[in-house]
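So in the working numbering, the last one in the sequence shown is 127, and the numbering has no gaps at all.
Reading through the structure tokens given below for one structure.
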Amino acid sequence: MKILFRILAVLFFIVFFGFALKNTDEVTLRFFLGYVIQGPLVLLLLGFFVGGAVLGVLAMLPMVFRSRRDVAKNKKALATIQNEAQAQLLAKSQPPQPDAISQL
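If you want it as structure tokens, here you go:
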């Protein structure tokens, strides 16, 4: 399986490297308010891809922190329940204590 992933990674690299070699033309990207960026098409595409990936990770961070907090809270609750179950099992395994006998 590991070899299959390596083969796929090499194939993807070859395809994307060929794409980069074929798209080295200079392009002009015009933004609002008169901002202009000029550069190779591949570099602009790579920049916007990386920017989108960064924005996606930043958008996911609140959910990740929330789920980590929930996991920690659930682990603590599980430990408490397991301790209580252990204590009940220990109490059941001990023989009952005799009642106090009063001597006359």
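Think of the CB as a built atom: it goes at the ideal place given N, C-alpha and C, for glycine as much as any other residue.
On a predicted model such as this, the values are computed, not experimentally measured, just so you know.
- Message: What residue range does the alpha helix (DSSP H) around Q105 cover?
- Response: L64 to S116
- Helix, strand or coil for I30 per DSSP? helix
- Query: Ends of the beta strand (DSSP E) at L52?
  - Reply: E49 to R53
- From P85, T47 and V80, pick the residue whose C-alpha is nearest to that of L68; which is it? T47
- In the structure shown, what three-state DSSP assignment does I37 receive? helix
- Query: What's the gap between the Cα of P118 and the Cα of M24?
  - Reply: 56 Å
- Stretch pair the segment 90 to 102 + the segment 74 to 82: three plus CB contacts closer than 8 Å: no
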